[in-house]
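Visitor:
Number of protein chains: 4
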Amino acid sequence: MNSEQSEHNGERHGWRETLRVIIFEADTPLGKTFDLILMLAIIASVFAVAFETVESVAADYGRELRIVEWVFTILFTIEYVLRLISVRKPGEYARSFFGVVDLLSFLPTYLAAFIPGAQTLLVVRALRLIRVFRILKLARFVSEGGQLLLAVKNSLPKVSVFLVAVLTTVIIVGTIMYLVEGPENGFTSIPQSVYWAIVTMSTVGYGDLAPATPLGKTLASIVMIIGYGVLAVPTGIVTAEIGRADRTKKISTKACADCSLGGHDPDAEFCKRCGARL
Amino acid sequence: MNSEQSEHNGERHGWRETLRVIIFEADTPLGKTFDLILMLAIIASVFAVAFETVESVAADYGRELRIVEWVFTILFTIEYVLRLISVRKPGEYARSFFGVVDLLSFLPTYLAAFIPGAQTLLVVRALRLIRVFRILKLARFVSEGGQLLLAVKNSLPKVSVFLVAVLTTVIIVGTIMYLVEGPENGFTSIPQSVYWAIVTMSTVGYGDLAPATPLGKTLASIVMIIGYGVLAVPTGIVTAEIGRADRTKKISTKACADCSLGGHDPDAEFCKRCGARL
Amino acid sequence: MNSEQSEHNGERHGWRETLRVIIFEADTPLGKTFDLILMLAIIASVFAVAFETVESVAADYGRELRIVEWVFTILFTIEYVLRLISVRKPGEYARSFFGVVDLLSFLPTYLAAFIPGAQTLLVVRALRLIRVFRILKLARFVSEGGQLLLAVKNSLPKVSVFLVAVLTTVIIVGTIMYLVEGPENGFTSIPQSVYWAIVTMSTVGYGDLAPATPLGKTLASIVMIIGYGVLAVPTGIVTAEIGRADRTKKISTKACADCSLGGHDPDAEFCKRCGARL
Amino acid sequence: MNSEQSEHNGERHGWRETLRVIIFEADTPLGKTFDLILMLAIIASVFAVAFETVESVAADYGRELRIVEWVFTILFTIEYVLRLISVRKPGEYARSFFGVVDLLSFLPTYLAAFIPGAQTLLVVRALRLIRVFRILKLARFVSEGGQLLLAVKNSLPKVSVFLVAVLTTVIIVGTIMYLVEGPENGFTSIPQSVYWAIVTMSTVGYGDLAPATPLGKTLASIVMIIGYGVLAVPTGIVTAEIGRADRTKKISTKACADCSLGGHDPDAEFCKRCGARL
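Protein chains in written order, with numbering that gives the first Met the number 0: chain A, 0 to 277; chain B, 0 to 277; chain C, 0 to 277; chain D, 0 to 277.
(1) Name the residue from B:Asn-153, B:Leu-162 and B:Arg-19 whose alpha carbon lies nearest to the alpha carbon of C:Ile-225.
(2) Chain D partners of C:Thr-202, CB-CB under 7 Å?
(3) Quick one: using the 10 Å Cβ neighbour count with 16 as the cut-off for buried, is C:Trp-14 buried or exposed?
(4) In the segment 209 to 231 of chain D, which residues sit with their C-beta less than 7 Å from some C-beta in chain B, listed in chain order?
(5) Output needed in chain order: residues of the segment 185 to 197 of chain A with a Cβ under 9 Å from some Cβ in chain B.
(6) Could one say the Cβ of B:Glu-16 lies closer than 9 Å to chain D's Cβ atoms, at least one of them?
(7) Who are the near neighbours of B:Ile-197 in its chain, counting only those whose CB is closer than 6 Å to its CB and skipping five residues on each side?
(8) Can you pull the chain D residues whose beta carbon is under 8 Å from the beta carbon of B:Gly-206, in chain order?
(9) With distance defined between alpha-carbon atoms, name the residue in B:Thr-187, B:Lys-216 and B:Thr-72 nearest to B:Ser-44.
(10) Which residue wins for smallest C-alpha separation from D:Gly-215, given the options D:Tyr-227, D:Gln-191, D:Gly-235 and D:Leu-178?
(11) Quick one: Cα of A:Ile-171 to Cα of A:Val-56, how far?
(12) Could you tell me whether any Cβ in chain D is nearer than 9 Å to the Cβ of C:Ile-240?
(13) Name, please, each residue of chain C whose Cβ falls closer than 8 Å to the Cβ of A:Thr-234.
(14) Does DSSP classify D:Ala-111 as helix, strand or coil?
(15) Pick helix, strand or coil for B:Arg-87, following the three-state DSSP scheme.
(16) Using DSSP with H/G/I as helix, E/B as strand and the rest coil, what is B:Glu-51?
(17) So with CB distances below 7 Å, who are the chain D contacts of A:Val-151?
(18) Does any C-beta atom of chain D lie closer than 9 Å to the C-beta of A:Lys-157?
(19) Report yes if the C-beta of D:Gly-242 is less than 8 Å from at least one heavy atom of the ligand ADP; otherwise report no.
(20) Where does B:Ile-241 sit, in a helix, a strand or coil, going by DSSP?
(21) For the alpha helix (DSSP H) holding D:Ala-125, just list the boundary residues, first then last.
(22) Along the segment 35 to 52 of chain D, where does the CB come closer than 8 Å to a CB of chain A? Name the residues.
(23) Can you tell me the Cα-Cα spacing of D:Glu-63 and D:Thr-108, whole angstroms?
(24) Buried or exposed: D:Leu-35, going by 16 or more other Cβ atoms within 10 Å of its Cβ?
(25) Can you name the start and end residues of the alpha helix (DSSP H) that A:Val-193 belongs to?
(26) For A:Pro-28, is the classification buried or exposed, using 16 other Cβ atoms within 10 angstroms of its Cβ as the cut-off for buried?
(27) State buried or exposed for B:Phe-33, treating a residue as buried only when at least 16 other CB atoms are found within 10 Å of its CB.
(28) Once DSSP output is grouped into helix, strand and coil, what is the label at B:Thr-27?
(29) Any Cβ of chain A within less than 9 Å of the Cβ of B:Ile-66?
(30) Ordered along the chain, which non-local residues of its own chain (more than five positions away) have a Cβ less than 6 Å from that of B:Glu-240?
(31) If you measure from the beta carbon of D:Val-160 to each beta carbon in chain C, is any gap under 9 Å?
(32) Taking the beta carbon of A:Ile-189 as the centre, do at least 16 other beta carbons fall within 10 Å, making it buried, or is it exposed?
(33) Taking 9 Å as the threshold (C-beta atoms), are C:Tyr-227 and B:Leu-230 in contact?
(34) Contact criterion: CB-CB distance below 9 Å. Does D:Leu-178 meet it with respect to chain A?
(35) Hey, is D:Ile-129's beta-carbon within less than 9 Å of any beta-carbon in chain C?
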């Protein structure tokens with residue numbers, strides 16, 4: 000779906016191609032409009048599914064919500080059929096992640112007519128929200144989102160090394176706490192204690208599990224103070240990456256022909272050292 | 000209210016203009032004094048309203064607090080009238096955000112004489128605290144506050160991309176947790192579960208809702224460890240911006256004599272646009 | 000007590016001066032030893048006072064702890080007297096912060112003989128722990144501690160601007176939550192609600208107060224997501240300062256005599272551009 | 000076990016040496032395979048030990064888990080014996096940290112035949128997870144892990160200065176809170192209050208202990224707001240270090256032909272030590 004390919008096929012000018020550009024691309028005004036309307040429909044349908052689970056809302060507006068559900072189901076069914084018709088390789092789309100999510104976003108409503116309870120599967124619709132990132136492809140967010148993604152991607156090797164260290168730590172800490180606190184204080188098993196260690200080191204601290212013995216509290220204190228410093232590591236990694244992305248973005252690749260000095264500003268037209276035209 | 004305009008009108012020299020400068024500007028000694036006294040009055044009135052809601056304080060000092068309330072109400076009424084008189088466009092001020100807040104900061108006390116309970120609206124006074132940022136316009140905080148604001152402003156596009164990602168994540172995570180934990184463990188609805196996801200990913204972790212099933216705890220652990228890394232992203236963005244603001248501050252103050260371009264590197268000897276010696 | 004002054008007086012060579020150097024300075028071997036022993040005594044005495052408040056420990060080792068207390072009391076009394084004798088201006092020392100803390104670290108034990116319960120004042124001893132920072136004056140921590148302190152100090156103006164913004168936010172948020180949740184959900188007064196807002200925005204999240212109404216939970220969610228981004232600001236400020244301190248530390252102040260290029264490495268002996276000896 | 004030594008001994012070519020290279024080194028294909036299999040066995044055995052402590056799992060799969068335990072015990076025994084045979088200095092290995100951990104990872108199963116309950120010591124196996132960092136020695140993680148470790152190591156002096164400050168603060172804060180809140184609100188002793196201060200300043204906030212008096216809540220609010228800024232310091236330190244490691248990576252690879260000094264700036268044209276053209 001890169002731009003060169005779409006230019007090539009742009010000559011076909013069939014209604015299918017026009018439909019495909021509207022539905023799958025976000026470069027044309029119609030494509031943008033379609034994406035925005037789809038996004039709003041997805042958000043509205045997610046809200047409808049979400050609020051149907053709230054008992055008081057379901058009691059008062061149950062009928063209205065069921066109508067809304069059927070409207071969205073029919074809309075998404077039409078959208079799915081149009082996608083299948085317009086796309087160049089329908090089989091590939093149907094088997095792709097988004098193809099399956101699109102199918103599952105309306106299928107449960109039909110199934111619920113035969114199988115009671117199948118409706119709860121509608122929550123899969125929430126996964127359609129991932130499409131929101133397509134909107135990020137629009138104009139002004141491209142460079143910001145791209146930079147962020149690049150920084151996060153570059154951070155991954157370092158962050159994964161860090162996660163291995165954290166996982167090893169929480170298992171060891173959890174095991175020690177299981178021995179120290181024991182089942183009588185809520186640390187009923189090692190997995191439970193590891194869960195406590197994760198809740199503590201991530202500074203979430205629900206308080207559903209908390210050390211009760213003096214030794215346990217001392218150990219927990221050490222874990223918290225260490226967790227404090229540990230929290231700094233991923234932040235440092237990501238910050239350094241974003242800072243680097245910032246810096247590299249802003250330097251011109253042009254070098255002076257006279258003195259061959261590089262590292263000019265992107266808007267420089269003359270060498271800052273010798274004054275020669277770049 | 001920019002400096003050029005105020006210079007122009009400075010010739011009017013009427014008592015209204017003098018009043019306006021005192022009340023609305025913070026550049027003259029009298030203006031600074033007025034701003035400081037107003038700030039202290041706002042803080043004191045907010046404290047009075049706040050502590051009146053504390054039952055034990057209201058029982059012991061109820062009468063004193065009511066006197067204080069009337070004193071501030073009368074003071075703020077006078078201030079509001081003076082603002083209306085001195086400002087150049089009273090209608091515009093009255094409809095502006097601060098105009099409405101100023102009005103609402105004393106009106107409820109009068110209304111309470113007729114409508115019981117109207118007094119609780121006095122908490123609107125807290126909004127007057129936003130005026131504290133006017134004090135930041137004073138001398139030494141100008142550059143610090145300005146830099147911070149600029150850094151936060153520059154971070155907004157990236158941070159908003161990030162917030163979209165976080166919101167999508169908490170909805171999907173909340174939906175999954177609703178299916179896994181179910182109403183019997185407190186996850187009574189999808190909005191409730193999304194609330195839990197936000198409480199967890201922001202590492203607040205009240206503990207009013209916590210996973211009870213092994214699968215729920217495993218999922219929660221994954222969410223927390225991811226949330227750990229996720230916390231790093233906004234920090235990285237803001238830090239990079241502040242760092243950049245710091246660096247750009249060190250830009251040369253020299254401007255080109257020929258084309259008057261500024262913002263040269265500190266080590267530049269020739270203008271980067273026209274090549275003239277700096 | 001700066002070095003020039005102590006050099007001057009170094010000629011006195013009296014036993015008082017020797018004592019003063021040992022007790023108040025940390026540059027001589029004896030001074031270092033004294034500081035270390037004092038530090039250990041303070042830590043031990045703090046532990047003794049702290050553990051005396053633990054009921055089970057007090058029941059089992061009450062007598063031993065009382066002996067330890069008297070030993071430390073006598074030691075600290077002797078130390079105080081020696082400080083008074085050796086210092087150049089005893090009155091000034093006695094009225095200084097550390098002078099008062101030193102006095103209060105042993106006085107309560109004597110007072111307890113006449114006034115029952117005066118002993119609890121011994122916890123003032125914990126304040127003597129601040130002396131631990133004197134040890135930081137020793138050798139290898141000087142530059143690290145100095146850099147950190149400088150970075151924190153440079154961050155103060157920006158961080159205080161930020162704190163004003165946070166305080167204004169928590170008061171406004173707390174006031175709104177008081178109106179939304181009300182006393183029936185634990186938000187009994189505005190100060191109580193402001194306390195909740197601080198607990199939430201700092202991501203501590205005890206859970207002693209948590210929103211119960213749907214609207215309250217929605218507002219709390221917004222506060223948490225904002226708090227998430229807000230947490231990034233002080234980190235960004237301090238990080239930028241530490242990074243700046245790092246950078247400025249490492250550049251030589253020497254400039255090339257031939258081409259006057261600055262910004263050389265501290266170990267550079269020749270100009271990196273023209274090769275002239277620096 | 001440095002590379003020079005292993006080259007030397009590479010001439011021995013005995014089966015013992017081959018075994019040693021497989022078991023202790025990770026450079027050969029066989030060595031890598033051994034390390035990976037061992038890692039998986041350790042993870043599996045840790046999971047087995049962990050899930051045996053879960054009551055419901057133990058009730059259903061108790062027999063299977065006991066078989067798995069014996070299989071791993073025998074495997075780890077064989078591994079231990081092979082390590083003892085192949086290593087050059089068996090005594091040194093047996094007394095080393097990993098030697099003791101390796102021994103304790105199977106010994107308790109045998110002991111449990113004679114001493115009931117000795118089996119709980121099997122949790123020591125979790126410590127074997129530390130071996131996971133050996134895998135980090137493999138190919139692509141070397142530089143990432145090395146950089147992270149270097150950054151963390153370089154941060155240690157500054158972070159330890161910071162930790163001394165935090166520890167002093169939590170002791171003083173804890174002591175004050177003990178006096179303010181007292182045993183009737185759960186602050187039963189000073190160590191307990193210090194534990195609360197650590198839980199609060201690290202933003203974990205279990206909620207098992209929370210201030211109940213207005214003064215206590217005010218103090219706690221101040222501690223939280225300070226803790227907010229304090230959290231920024233270790234992050235700033237680590238970030239600055241990682242950023243520095245990043246920057247120094249960009250140093251020129253050119254070395255001076257005359258004095259062979261490396262580490263020049265990328266834009267250096269002359270050696271900064273001897274002035275020779277690079």
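Where is the CB? At the ideal position from N, CA and C, for every residue including glycine.
Guide: In this structure, then:
(1) B:Leu-162
(2) Thr-202
(3) exposed
(4) none
(5) Pro-190, Gln-191, Val-193, Tyr-194 and Ile-197
(6) no
(7) Val-169
(8) Tyr-205 and Gly-206
(9) B:Thr-72
(10) D:Leu-178
(11) 46 Å
(12) Reading off the sequence shown, one finds Glu at residue 240 of chain C, where the question assumed Ile. Yes - at least one Cβ of chain D is within 9 Å of the one on C:Glu-240.
(13) Thr-234
(14) coil
(15) coil
(16) helix
(17) Simply none; closest approach about 15 Å.
(18) yes
(19) No copy of the ligand ADP occurs in the structure displayed, which carries no ligand at all.
(20) helix
(21) Where D:Ala-125 is concerned, there is no enclosing alpha helix (DSSP H), given that its DSSP letter is neither H nor E.
(22) Val-45, Val-48, Ala-49, Phe-50 and Thr-52
(23) 15 Å
(24) exposed
(25) 189 to 200
(26) exposed
(27) buried
(28) coil
(29) no
(30) Ala-150, Asn-153 and Ser-154
(31) yes
(32) buried
(33) yes
(34) no
(35) no
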